[in-house]
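Heads up: the structure comes next, in structure tokens.
Residue numbers (the numbering used here), protein chains in the order written: chain F, 5 to 259; chain L, 5 to 259; chain U, 5 to 259; chain H, 5 to 259.
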């Protein structure tokens, strides 16, 4: 058995340091690398690509809105065509910088508010998908399980990686609990480990009420900016090892 | 006989319109396309690529400093390594967007203050060269004839296109007259045509005093933002046609 | 009888030229000056302030979203508190630059998508109002007649200038026709003049069906970026002169 | 006896956190607050103003180049007039936000590469001075002792605060040792305290060779981003208290 764990990495910008990339990179299977619009800059992108290579972590683009101040977390209404090209732009920039280090971009995961909007908005989900396909039709589109993005990816004949979260709780319909609720995040490392193993072994997400929602999950995301990220990942890795489940780079999930 | 004419194109930004791309694109052999840092945005880049395809004009990246306010014309001192990656970033973004339209980026010409600084600064010239090579070693590095950029290109085993100007006068050492001097620009269309034909037929630039400076020029740049650009190019095209000299895309100069 | 005409001015940015400020400034009573976020830069702000002074035009801040690419026309969801401070920031920057030229900022009009969102969203309308009041409680809040902004201004004890448009048609509820409809804009100069005079003389807006909607309008906005702006304003000025209605700076509407 | 200690504060940006403002603010007399160009944003500016008020710390603007990526540390060549207006813009923005909290901006200190360039370049030093004077002629211009900025301030009839560093060593001409030299920074808290007390009591800077260079220093800068800043400031405060020297807000140095 195998599973992929992904995290957002390379979200520093110039002198502004964000996250704990060095430690997180040793614990995951795939890195979503910021591409200069909500965070990241060319130098940090190269540094992050090298760090991924050193840790045999597969590389994805993490395109976001062009909004440094909002860190890509402010919803922006734009024409889908502009969005499509903005996505290709960011992937292309990372492809060239990754290529310069002998690495290849193999997946794309939308960032922040863009990801949230595309979850429910088919126009955004399709624009992102077309932007991905234009850059490389072999790229894997990482999409929240059950979102419009999975639909868009299918429609565009892209490989779609269904995503769930290591550290978020789910309701009976398979949706994440809103962050406005106190119990949305799983901060207890053992419970996070249990959730991940459950998803892999049972092919289902277990809701807060104990209901099983069948889900073919390829990848689990860990929020690297949470203070509990490192202890949570340690427990998840230990739990997976014990259960005989291997953490693999994302493309290996499609072999 | 053949020659290439290049111009800076695609320097609008969002709702801000710059230049006269539609007309200029019908008159040149190669377009230097802004990549989002000093001008240009993903949507304009796609539009410009399509316009180049429609006119059989070859496509180049036109990387500049990340300085919209200064339009890339303010000198910025930065670490050569940051510059190298900034160049690759911009080329990569254009490569992906061009690729999405079935086009290929075949040359790179630095923009504005970056071009001016690299003219004399070997660290900048080399950083740009490494940034080009990292994106694609077959890219042609467009460099002012006699600059440190030609040296850097040679050192890095890149193809270098020596560049002169359609509409600038030269001194006896082969340098352009400073724009602070009243006669730096050639605004008379016939004189511009004469200069271009002279350079192609004689393999030499003629200075203001009449001196011939041998120069192996592959490409001549026209300043698209000059009010005289269109009449100048009309005269140049007519003159070249009469002299039996063909305007070709830049890669054809290396066949 | 008197009325104010306002227009958005100073929306160039660095080398990027936008609009026809020199001509428009001779025709209006008040200028809404961009403050560097969606357009405008410090140098253009000073130039625009001087142009306003030369033409006895009163000066207003025209704060927008921090979005040069979208020219402030993309809707951005942000925290009202961040918006409030963003508004004060922009007003303060203009106050200092205006002050350096011996001029005073006397009104504020939100730009583009910010204006559109605040039309219906009381949280945005109040955040803008608080941002205005923090900068100077004597500033006039320019607000679409009937919008939540007029409500917010009243709640905050600000002077509110009710605004209608020189060149937009209205429906029977007093709302502007959507720009998606072909007849939303009035492009005929005589019809625009008639609309303005009707609003001033009758204290009412006349809808497309001929219905009169009572409205206490202090200021009428002309879209400077429309190709018909100059001929429209010429007809409006001629019509107002003939009807004995004076165009005055905005503060004079509150005397 | 009294002295001012200043530090750069409020250099976070959106979600990007920089520095240790909460602790540093309790230790200094004056804060140089970033104004949104190299760092800082409207929300952070307000937060920082409040923190200064809570700690009876006087407030200054810290204008920098418009260069988030470079954190204002890249030298940018621009027209002095553009620089002048850019400085007024930033001061004005802070004045309005400070005013909204009942606080007043009383000094201005240029940031990073702008400060370095103005040290030696009279055109930049004067442009900054004119930009300050335009915003408020009572503002204190903080200038490295012996720089062209002190000259520019005097020429413009501004109050100039001569500045030395808590944590930098000086050569026999009164210049700071280059940061390229290993011993440029004073990391030992006791030595820093000794340097500060020596400057206050003797009216002279002591060079690395022991030479006394007379200097009328109004304010000493502590680099808040150095890892040793907090222990250094603790020792400086203890040393000053023991020597009976009071740390005061900058305006108090001119009473």
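Backbone N, C-alpha and C fix where the C-beta goes; we use that ideal spot for every residue, glycine too.
Residue i versus residue j: straight-line alpha-carbon distance, rounded
{"i": "residue 60 of chain H", "j": "residue 232 of chain U", "result": "56 Å"}
{"i": "residue 50 of chain L", "j": "residue 44 of chain L", "result": "10 Å"}
{"i": "residue 140 of chain L", "j": "residue 48 of chain L", "result": "23 Å"}
{"i": "residue 253 of chain H", "j": "residue 129 of chain U", "result": "38 Å"}
{"i": "residue 225 of chain U", "j": "residue 171 of chain U", "result": "8 Å"}
{"i": "residue 142 of chain U", "j": "residue 110 of chain U", "result": "7 Å"}
{"i": "residue 194 of chain F", "j": "residue 53 of chain F", "result": "31 Å"}
{"i": "residue 104 of chain H", "j": "residue 40 of chain U", "result": "21 Å"}
{"i": "residue 120 of chain F", "j": "residue 246 of chain U", "result": "56 Å"}
{"i": "residue 175 of chain F", "j": "residue 132 of chain F", "result": "27 Å"}
{"i": "residue 3 of chain L", "j": "residue 97 of chain U", "result": "The displayed coordinates of chain L run from 5 to 259. Any statement about residue 3 of chain L would go beyond what the structure contains."}
{"i": "residue 250 of chain L", "j": "residue 63 of chain F", "result": "46 Å"}
{"i": "residue 114 of chain U", "j": "residue 8 of chain H", "result": "41 Å"}
{"i": "residue 152 of chain H", "j": "residue 144 of chain F", "result": "57 Å"}
{"i": "residue 155 of chain U", "j": "residue 24 of chain U", "result": "33 Å"}
{"i": "residue 126 of chain L", "j": "residue 186 of chain U", "result": "58 Å"}
{"i": "residue 257 of chain L", "j": "residue 214 of chain L", "result": "27 Å"}
{"i": "residue 18 of chain H", "j": "residue 229 of chain H", "result": "18 Å"}
{"i": "residue 188 of chain U", "j": "residue 82 of chain U", "result": "30 Å"}
{"i": "residue 15 of chain U", "j": "residue 21 of chain U", "result": "8 Å"}
{"i": "residue 89 of chain F", "j": "residue 205 of chain F", "result": "39 Å"}
{"i": "residue 1 of chain L", "j": "residue 32 of chain L", "result": "Because residue 1 of chain L is not part of the residues shown, which for chain L are 5 to 259, the question remains open."}
{"i": "residue 74 of chain H", "j": "residue 177 of chain U", "result": "52 Å"}
{"i": "residue 4 of chain L", "j": "residue 240 of chain L", "result": "Coverage of chain L is limited to positions 5 through 259, which leaves residue 4 of chain L absent and any answer about it impossible."}
{"i": "residue 216 of chain F", "j": "residue 244 of chain F", "result": "20 Å"}
C-beta contact flag for residue i and residue j at 8 Å
{"i": "residue 99 of chain F", "j": "residue 100 of chain L", "result": "yes"}
{"i": "residue 84 of chain U", "j": "residue 112 of chain U", "result": "no"}
{"i": "residue 160 of chain H", "j": "residue 137 of chain H", "result": "yes"}
{"i": "residue 36 of chain L", "j": "residue 223 of chain L", "result": "no"}
{"i": "residue 200 of chain U", "j": "residue 27 of chain U", "result": "no"}
{"i": "residue 78 of chain H", "j": "residue 13 of chain L", "result": "no"}
{"i": "residue 91 of chain F", "j": "residue 157 of chain F", "result": "no"}
{"i": "residue 107 of chain F", "j": "residue 56 of chain F", "result": "yes"}
{"i": "residue 87 of chain F", "j": "residue 42 of chain F", "result": "no"}
{"i": "residue 209 of chain H", "j": "residue 197 of chain H", "result": "no"}
Cβ separation of residue i and residue j, assumed to be a contact under 8 Å, to the nearest whole Å
{"i": "residue 165 of chain F", "j": "residue 147 of chain F", "result": "7 Å"}
{"i": "residue 203 of chain H", "j": "residue 191 of chain H", "result": "With 8 Å as the limit, residue 203 of chain H and residue 191 of chain H do not qualify as a contact, their Cβ atoms being about 18 Å apart."}
{"i": "residue 116 of chain F", "j": "residue 76 of chain F", "result": "4 Å"}
{"i": "residue 5 of chain H", "j": "residue 248 of chain H", "result": "6 Å"}
Cβ neighbour criterion (16 or more within 10 Å) applied to residue i
{"i": "residue 242 of chain H", "result": "exposed"}
{"i": "residue 212 of chain L", "result": "exposed"}
{"i": "residue 46 of chain L", "result": "buried"}
{"i": "residue 124 of chain F", "result": "exposed"}
{"i": "residue 70 of chain L", "result": "buried"}
{"i": "residue 184 of chain L", "result": "exposed"}
{"i": "residue 94 of chain H", "result": "buried"}
{"i": "residue 237 of chain H", "result": "buried"}
{"i": "residue 34 of chain F", "result": "buried"}
For the segment 35-56 of chain F, which residues have a CB atom closer than 7 Å to at least one CB atom of chain H, in sequence order? Per Cβ criterion, the list reads 45.
Which residues, in chain order, does the segment 94-112 of chain H contribute to contact with chain U at a C-beta distance below 8 Å? 94, 95, 96, 97, 98, 99, 100, 101, 103 and 104
Selection of the segment 61-90 of chain F by Cβ proximity to chain H, strictly under 7 Å: 72, 73, 74 and 75
What residues in the segment 9-23 of chain H have a beta carbon less than 7 Å from any beta carbon of chain F? 17, 18, 19, 20 and 22
Members of the segment 117-145 of chain F near chain L, C-beta cut-off 7 Å: 138 and 139
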